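Once you know that position 132 of the sequence shown is 148 in my numbering, the rest is easy, because the numbers rise by one and skip nothing.
Report on one structure; see the data block that follows.
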Amino acid sequence: MRWALVKVSLAVTAMVVVAFAVPLGLVIREMARDRAFSNAEREAAAVAPALSITTDRDQLERVVASAGSDAGMAVHIPASGESTDRTDGTGQRAADIGRQRATDEDIAAVREMGRASTTEVDGGSTLLQPVALSSGEIAVVEVYVPESEVTNGVATAWAVLAAVGAALIVGSVAVADRLGVRMVRPAQRLVEGAHHLGEGRLGSRVPVEGPTELRLAAVAFNSMADQVVQLLANERELAADLSHRLRTPLTVLRLNAASLGDGPAAEQTRSAVEQLEREVDTIIRTARDAKPQTAAAGPGAGCDAAEVVRERMGFWSALAEDEGRKWRVAGADRPVRIPVARADLAASLDALLGNVFRHTAEGTAFAVDLHNGEDAVIVLVSDAGAGIPDPEAAMARGRGSGSDGSTGLGLDIVRRMAESTGGDVRIGSSVLGGTEVRIWVQLDGRTAPERRGHRGAVRRRRQPRQTATINRPRSLP
Numbered sequence: 017m018r019w020a021l022v023k024v025s026l027a028v029t030a031m032v033v034v035a036f037a038v039p040l041g042l043v044i045r046e047m048a049r050d051r052a053f054s055n056a057e058r059e060a061a062a063v064a065p066a067l068s069i070t071t072d073r074d075q076l077e078r079v080v081a082s083a084g085s086d087a088g089m090a091v092h093i094p095a096s097g098e099s100t101d102r103t104d105g106t107g108q109r110a111a112d113i114g115r116q117r118a119t120d121e122d123i124a125a126v127r128e129m130g131r132a133s134t135t136e137v138d139g140g141s142t143l144l145q146p147v148a149l150s151s152g153e154i155a156v157v158e159v160y161v162p163e164s165e166v167t168n169g170v171a172t173a174w175a176v177l178a179a180v181g182a183a184l185i186v187g188s189v190a191v192a193d194r195l196g197v198r199m200v201r202p203a204q205r206l207v208e209g210a211h212h213l214g215e216g217r218l219g220s221r222v223p224v225e226g227p228t229e230l231r232l233a234a235v236a237f238n239s240m241a242d243q244v245v246q247l248l249a250n251e252r253e254l255a256a257d258l259s260h261r262l263r264t265p266l267t268v269l270r271l272n273a274a275s276l277g278d279g280p281a282a283e284q285t286r287s288a289v290e291q292l293e294r295e296v297d298t299i300i301r302t303a304r305d306a307k308p309q310t311a312a313a314g315p316g317a318g319c320d321a322a323e324v325v326r327e328r329m330g331f332w333s334a335l336a337e338d339e340g341r342k343w344r345v346a347g348a349d350r351p352v353r354i355p356v357a358r359a360d361l362a363a364s365l366d367a368l369l370g371n372v373f374r375h376t377a378e379g380t381a382f383a384v385d386l387h388n389g390e391d392a393v394i395v396l397v398s399d400a401g402a403g404i405p406d407p408e409a410a411m412a413r414g415r416g417s418g419s420d421g422s423t424g425l426g427l428d429i430v431r432r433m434a435e436s437t438g439g440d441v442r443i444g445s446s447v448l449g450g451t452e453v454r455i456w457v458q459l460d461g462r463t464a465p466e467r468r469g470h471r472g473a474v475r476r477r478r479q480p481r482q483t484a485t486i487n488r489p490r491s492l493p
């Protein structure tokens, strides 16, 4: 579009320049010619008064010399009763003053017609001006106009016209190019935004700028992208709700089925519960694999992490009492705002606590610690189990521990939640002797790539305090 506008502007401006410059150039040439012959007529008119008074050769030569150059002016005076041999009444020839350039036929024709005329000669043109003498005869004043005088100033004027025309063309092309950029740049950004949205970068938006049509298109695109983000956010909430509503009751069923004892009915119940868990895991895995990563929560969104922690621990405490597990909550006694949706944080806590109940023996203690920093909030979920032999493998794209009933989706839910804020998830050893999962939730709104360059400095600055606070052994009730 940009080059098309430039080409159209170039063609239109060139036609306009040609349409005006060519006639103007011809007019300038005619004006120069008229100016040259007007000067010649003035020179001829300067000699006419002298011819009407006298025909004396010496006097006329002085008049011609004073009127102009005798090399460029000639006076042809006929003799009285001029005959074909051009002699006067006393037998003398007619007087010719100056250099004759016009032919005798042209001079005779002017004398016969009685009006001025021009004729082409070598190197230019001549003006033949008839003048009536006192004797009634007609004398002819010949003024030579060289070609250089006829074209004087024409080349300069044409050069100026050409320069002005070129400047107009260049200026119009520059203006068309700027207008093309103003139109093309918003269109390119709209295309880039569409590509980014198609690649799954749902936070991509298009600046509302440019012509009215492109501004409306940008508004429509941004509205569409917001709708897509909202739909995918709803899908994520449904997936998290599915994990919350199905996996938690299944954990209760599995624990209850384990207490049924031996017998065919008990084995069938336990087998059915395990089969149901596998089917649910397959459904959740399929839903999460088909869902692209959504954008982070916007300004003002989020929840109170302390309230969510208290609520979910209230739920899991009932199961902990049934299995004789000791548990502890710390740091949830005051509000802690984080830029994470309530459902996402609840799903992450349920996933980690569900792993504790699923992969540790009954009676194993666990704890949840909440730490509020200046630029991040840290959630620690630790247990006194056997730990995870290979934490890196467990975090590798949600592969899980490899044991039966482990899909790795719990850690994948937690990882997605943390990375949506620019944070991360780490697995290590807890002070209780088992596994500790640390969730780093970033508060400054930057993504992980933006923080990566200075995260090491932040950790070095905060690590001593974290070590003293997080890893301090505490007694369980």
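Cβ coordinates follow ideal geometry from the N, Cα and C atoms, glycine included.
Remember, predicted model here, so these are calculated numbers, not experimental data.
In the DSSP output, what is residue i paired with across the bridge?
i, result
"R442", "R454"
"P407", "DSSP lists no partner for P407."
"A155", "V147"
"V397", "V384, V453"
"P162", "G140"
"R353", "D320"
"M89", "V159"
"A346", "D385"
"A392", "Q458"
Using the Cα positions of residue i and residue j, report the straight-line distance between them to the nearest angstrom.
i, j, result
"R353", "L368", "20 angstroms"
"H92", "A155", "6 angstroms"
"D72", "P65", "13 angstroms"
"G318", "E215", "26 angstroms"
"L149", "E46", "33 angstroms"
"A430", "L213", "Sequence check: residue 430 is Val here, not Ala. Each residue's Cα considered, the two are about 24 angstroms apart."
"Q145", "A27", "49 angstroms"
"A190", "D50", "40 angstroms"
"I185", "S25", "8 angstroms"
"A52", "T119", "21 angstroms"
"F382", "I404", "15 angstroms"
"Q116", "V80", "14 angstroms"
"P315", "D278", "Any reading at P315 must be qualified, since the residue scores a pLDDT of 45, below 50, and its modelled position is unreliable; the value itself is stated next. Between P315 and D278, the C-alpha separation is close to 55 angstroms."
"A30", "N55", "37 angstroms"
"G105", "E163", "Summary for G105: the model assigns pLDDT 42, below 50, so the residue's position carries little reliability; its value from the coordinates is reported in the next sentence. Near 39 angstroms, if we compare the C-alpha coordinates of E163 and G105."
"A236", "D297", "38 angstroms"
"I69", "L177", "49 angstroms"
"G379", "A234", "59 angstroms"
"V32", "A90", "47 angstroms"
"V34", "A183", "13 angstroms"
"G472", "V457", "Low confidence applies here, because G472 scores a pLDDT of 44, under 50, leaving its location unreliable and the question unanswered by this model."
"D420", "R221", "Because the pLDDT of D420 is 48, which lies under 50, any placement of that residue in the model is unreliable, and the number read from its coordinates should be weighed accordingly. Rounded to whole angstroms, D420 to R221 spans 43 angstroms at the Cα level."
"G325", "R358", "Note that residue 325 is Val in the sequence shown, not Gly. About 10 angstroms."
"L67", "A173", "39 angstroms"
"R374", "R350", "30 angstroms"
"G426", "L247", "22 angstroms"
"L13", "S188", "The question about residue 13 has no answer, for the chain in this structure spans 17 to 493."
"A203", "D440", "36 angstroms"
"R454", "E295", "29 angstroms"
"A377", "R286", "17 angstroms"
"E121", "E136", "13 angstroms"
"R58", "R78", "17 angstroms"
Candidates the options: which alpha carbon is nearest residue i's?
i, options, result
"E251", "A81, S364, D360, A183", "D360"
"V356", "A322, M329, E57", "A322"
"H387", "A348, A273, L365", "A348"
"P407", "E452, I44, A400, S333", "E452"
"A175", "A35, A392, G41", "G41"
"V166", "P280, I44, P265, L195", "I44"
"A241", "E295, G219, A400, P202", "G219"
"G114", "G130, V159, A132", "V159"
"V157", "D138, S133, V137", "S133"
"S436", "R217, A409, L247", "R217"
"F331", "S275, V395, E283, P265", "P265"
"P227", "R198, L247, S445, A210", "R198"
"G140", "G88, N238, A124", "G88"
"K515", "V38, A192, M129, E121", "The shown model of the chain, from 17 to 493, leaves out residue 515, and the question about it has no answer."
For the putative contact between residue i and residue j, defined by C-beta atoms under 8 angstroms, what is the C-beta separation to the nearest angstrom?
i, j, result
"A48", "V170", "5 angstroms"
"A334", "W343", "That pair is no contact at about 11 angstroms."
"P223", "R205", "6 angstroms"
"G450", "G401", "4 angstroms"
"V384", "V397", "6 angstroms"
"L459", "D399", "The Cβ separation is near 27 angstroms, so there is no contact."
Looking at the C-beta of residue i, does it have a partner C-beta in chain C at a distance below 8 angstroms?
i, result
"H212", "The chain inventory of the structure shown lacks chain C, comprising one protein chain alone."
**Report entry** beta strand (DSSP E) runs wholly inside the region 111 to 140, at least 3 long, in chain order
**Finding:** 111 to 113, 133 to 137
Query - Segments assigned alpha helix (DSSP H), at least 4 residues, entirely inside the region 211 to 276 - result: 228 to 258, 264 to 274
**Report entry** Contained beta strand (DSSP E) runs [length at least 3] in the region 41 to 70, N- to C-terminal order
**Finding:** none
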